[in-house]
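For the sequence shown, my numbering begins at -10 and goes up steadily by one. Glycine included, each C-beta is placed from N, C-alpha and C at the ideal position. Report on one structure; see the data block that follows.
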Amino acid sequence: MRWFNGPPSWGEMERVLNGKPRRPGLSLGEPHADGGDSPAWSRRREPYEPIGDRPLRSTVPYAELHAHSAYSFLDGASTPEELVEEASRLDLRAIALTDHDGLYGVVRFAEAAKELDMRTVFGAELSLDNTARTEVPDPPGPHLLVLARGPEGYRRLSRQLSAAHLAGGEKGKPRYDYDSLTEAAGGHWHILTGCRKGHVRQALSQGGPDAAAAALADLVDRFGSDRVSIELSHHGDPFDDERNAALAALAPRFGVGIVATTGAHFAEPSRGRLAMAMGAIRARQSLDEAAGWLAPLGGAHLRSGDEMARLFAQHPEAVSAAADLGEQCAFGLALIAPQLPPYPDVPSGQSEDSWLRELVMIGAARRYGPRAGASEAYAQLERELEIIAALKFPGYFLVVHDITRFCRDNKILCQGRGSAANSAVCYALGVTAVDPIANELLFERFLSPARDGPPDIDIDIESDLREKAIQYVYDRYGRDYAAQVANVITYRGKSAVRDMARALGFSQGQQDAWSKQISHWHSEADSADLEGIPEPVVDLAVQIKNLPRHMGIHSGGMVICDRPIADVCPVEWARMENRSVLQWDKDDCAAIGLVKFDMLGLGMLSALHYCIDLVAEHKGIEVDLARLDLSEPAVYEMLQKADSVGVFQVESRAQMATLPRLKPRVFYDLVVEVALIRPGPIQGGSVHPYIKRRNGLEEVTYDHPSMEPALRKTLGVPLFQEQLMQLAVDCAGFSAAEADQLRRAMGSKRSTEKMRRLRDRFYAGMAQRHGITGEVADRIYDKLEAFANFGFPESHSLSFASLVYYSSWFKLHHPAAFCAALLRAQPMGFYSPQSLVADARRHGVTVHGPDVNASLAHPTLENSGMEVRLGLGAVRHIGDELAQRIVEERATGGPFASLLDLTGRVQLSVPQTEALATAGALGCFAVTRREGLWAAGAAASQRPDRLPGVGSSSHVPALPGMTEVELAASDVWATGISPDSYPTQFLREDLDAMGVVTADRLLDVPDGSRVLIAGAVTHRQRPATAQGVTFMNIEDETGMVNVLCTPGVWNRHRKLAQTASALLIRGQVQNATGAVTVMAERMGRITLTVSSRSRDFR
């Protein structure tokens, strides 16, 4: 999650929330929240805004018909938007986007073209050889360049792209059937002979004019002479003119036209060097190594009609023909978005509306009881059902209900969250667990009559079983009608520096070192993070930053359609098995109007499921989360002490610093806690005004009495987006739908005009309704504007607060089960398994290492559920699959009698056997770790498929045992966890002699004292709202310490602070509020004998 929303600093945010005037000349910062239904940290791509470059006026008409964007992945160095901008500046009649094997960038391309009034042509360059473009330096081809002649041509092209990708069987290897392409064209495509890898040019270079004529004849036979054009290009190659003359001479023989193209791979000449570097990366070589393979790209940029006329003076008709063909093929991407398919399980005689109503009323009786006793709830349900029917969304709710029903029937924990929790219909259907009536939530935050698209319901599903739910959707609706949404993986600071260093021929060690020194780099070439990195690397890294590198899978978005998705967007295989994914991301899908369902994996739900199972199996206690007492004082007392390692949402550094200040006492405090934290707010004396009021340190006041109903729950301080809407209703007389429009407008950069109109309406409403004018009106509006992008949906906080409580309850009452469950659900959460185990030990839990006769594949419990046993799957080289085979063999054939018995029944390699010995997993055979390592090689040769005794060693010499430090180092090497020690304890004698204070004693040190602390670094963070402050988490065997580094201190010790796995820190302790923070002043390195790894800048 990234946090780039809200005012430029927490101080300014606090100033506004406290009702103080804004500093002169200081804006509230650019809003970065998306104004949509997602939580406040999500980022939606803003609509394209044109740049103000003055266009040229070209006297020669020209259209570019062959252009690659960065969505040709490492074969294009400009975004689709940049290509359109340059085409507009050069006064082109039209521009085509012809990326490799896909329509990845067409939505962005179309959006920019619409704003700039540029005609668009859609096409693709098809790689017919079924070779991944990144496998060899110069894939062999041939390529077929296809332009769609209108929407039908687009649909046919999209279908063929999908068919090829799915037929290829794996990501990046489409397999086209050339005859199927011929049949699919049907006069709706226009074929260009293409670049050097096109059929005709390839034939010309390999076999001369006769071979080229044969290749052209084949294209004409397949697609028709009126649908084929010979492509001429000019890249500054000495043979360009000769080749173009030979190609042009073929045109009259076959009755085809000639067109000039630039074969553009970037918008303007300055990107040429970057394009070459990207080509080298794709070829997995340096620029020098790849020089012989890379196509000459010097001239592969967009050009004006006048410049093309000069270049093609011998073939002037090719330039004007390109303009004519571009105008013939141009159309806008006004695709008719597919609707949801009819819901398959509507009973005979019922409509989707009536069936939804019936299901809602059945659920309402269960949730609210008889109608007579819950008139408000039933009235709200009727109103919601009316709006849902009017907007024609009943099918959407039925699909979501169907997915959550499948999860419940298959014992998969799930819950709807986000603004869906504002809906009584969702609550009645069992999609969400939050009662919007009891919690006074606004339905319009979720769905209003003015909404222009389907609602957004996020379903959190336990991550370890989510795949079952995803495959259920594929099976139920068909792979042709359901697909996951893509996620565009773009170059960030580290990857940009690493790849560009590789392209320029620097060694692997230099690439790694330079990329590791990048933390949060925002493209400034003079950033301190770039110190020591050569200028050419930085220059290229700045250029490539934020360009797409490859496509991944969105965390949970799925699209379901009433017709094949491939009619709109091609589908391809993802790297993950059995996952098919669209070529568009969530913003592209939203722009076109595809209906998306978010099925998000949540690790904590898996952990809670494991907790429930472990406690039932080992303690005989059946835990029903819905029946837990949400007011148990001991749970809140634990959280008040910031004892929250592993607890959902409140385990981070910032949350731990807030819990002792907020002192949660009731469930609603947890709702506030989830919403309150933005990394960076709580530094020094800057405490959120809500906390002061909650603890009675500040009087609860309202700028005007009309604000009290909306803000009473949060003590007069606006925290939630729903409150913003309620204030608009109460203070200015907005309808709920208008209030939602105001919230959305405040969260969007593009809503300037709309925002001005709504602002005027807000001021007028305040004056008319309550006589609020002048300074008071400004103060109210400032608060709304400040927190529109900083606020959190209350419904979202309510959904997550339940999980905070459930996880806290397990941590308090069943700490061993909680630890085992968290380890089993990895990767998840804020802390590494090493830190989770260390925390469990501090809570009295005994943790045992892996054992081939006692462990399961995953962590489990022993001794009536009071102790944790690590799993075999966590041992290096073993993995879950082999671990499960070992466990199954033990269950079938009985415990293993010896190492030879183990290797004789389960096939193990030498590294696997050695890893088990190093982890201590062979201790059950009464052998030490060194003895196990000695015997491992010989024992591994004793395999199930060999005669007994072959290759086995009969004698293991007596070997000395390992020291405590060696045992701990072996544990960490083999599993990442030292179950009965922490690395710093082996240095404790020396650290005590230096006067180092342990983490558990820092609360007893007088506030403001200077102390020396030491420990392993577990985290480094630099939140966007923290004005350059970096936070580190330091852990020793007694606990954790939050360390705050000012920009000055960080820069003074940057290399050490950024790379050291353990640090000695002198600083000033702040603990007056019950939360410990050390303000770092000086740093030094300490060397841990046992290795430790940190999680940095996540």
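With fewer than 16 other beta carbons inside 10 angstroms of its own, Tyr167 counts as exposed. Of the residues His55, His254, Glu306, the one whose Cα lies closest to the Cα of Cys318 is His55. If only complete runs of 3 or more residues are kept, the segment 578 to 630 shows the beta strand (DSSP E) at 585 to 591, in order along the chain. Listed in chain order, the non-local C-beta contacts of Thr703 below 8 Å within the same chain comprise Val661, Tyr679, Phe709, Gln712, local neighbours out to five positions each way being set aside. DSSP places Phe789 in the helix class (H, G or I) of the three-state scheme. Between the alpha carbons of Val335 and Glu783 lies a gap of roughly 34 Å. If you keep only unbroken beta strand (DSSP E) runs of at least 3 residues inside the segment 951 to 1031, you get 999 to 1010, 1019 to 1025.
The three-state secondary structure of His254, taken from DSSP, is coil.
In this model, Ser496 and Arg538 are separated by some 21 Å (Cα to Cα).
Using a 10 angstroms sphere on the CB of Ala472, the tally of other CB atoms reaches 16 or more, which defines it as buried.
Under the three-state reduction of DSSP, Asp574 is assigned to strand.
Secondary structure note for Cys396: its alpha helix (DSSP H) is the uninterrupted segment 383 to 398.
If you draw a 10 Å sphere on the C-beta of Lys381, you find fewer than 16 other C-beta atoms in it, and that means exposed. With at least 16 other beta carbons inside 10 angstroms of its own, Met817 counts as buried. Taking a contact as a CB-CB distance under 8 Å, the pair Tyr794 and Val527 does not count as one, their CB atoms being some 48 Å apart. Ranked by how close their Cα comes to the Cα of Val474, the residues Val570, Thr647, Lys772 have Val570 in first place. Taking all protein chains in view, the Cβ of Ser309 is crowded by 16 or more other Cβ atoms within 10 Å, so the residue is classified as buried. With 16 or more other Cβ atoms inside 10 Å of its own Cβ, Glu53 counts as buried. Under the three-state reduction of DSSP output, Thr703 falls in the helix class.
For the options Glu878, Glu561, Pro694, Asp960, the alpha carbon positioned closest to that of Arg148 is the one of Glu561. Thr647 places its beta carbon less than 9 Å from that of Ala1064.
Selection Val634, Arg1041, Glu626 evaluated against Arg650 yields Glu626 as nearest (Cα-Cα). Taking C-alpha positions only, Val1032 is separated from Val1067 by approximately 5 Å.
Annotated three-state conformation of Gly246 is strand, per DSSP.
For Ser544, the closest alpha carbon among the candidates Asp447, Lys160, Glu687, Phe656 is that of Asp447.
Runs of the alpha helix (DSSP H) spanning 4 or more residues and lying entirely within the segment 779 to 836 occur at 783 to 802, 804 to 813, 822 to 831, in chain order. Rounded to whole angstroms, the gap between the alpha carbons of Ser58 and Gly268 is 13 Å. Counting along the chain, no alpha helix (DSSP H) covers Cys403; the unbroken beta strand (DSSP E) around it starts and ends at 403 to 406. Val1079 carries a coil assignment under DSSP once its states are collapsed to helix, strand and coil. By the neighbour-count criterion, in which a residue is buried when 16 or more other Cβ atoms sit within 10 angstroms of its Cβ, Glu1026 is buried. Inter-residue distance for Cys403 and Ala256 is about 47 Å (C-alpha atoms, whole angstroms).
A straight-line Cα-Cα distance of about 14 Å links Pro653 and Gly685. For a cut-off of 8 Å, the C-beta gap from Thr1076 to Ala958 is around 13 Å, too long to register as a contact. At a Cβ-Cβ threshold of 9 Å, Val636 and Ser797 count as neighbours. For Glu306, there is no enclosing beta strand (DSSP E); the enclosing alpha helix (DSSP H) has its first and last residue at 305 to 318. Taking a C-beta distance under 9 Å as the contact criterion, Arg487 and Asp501 qualify as a contact pair.
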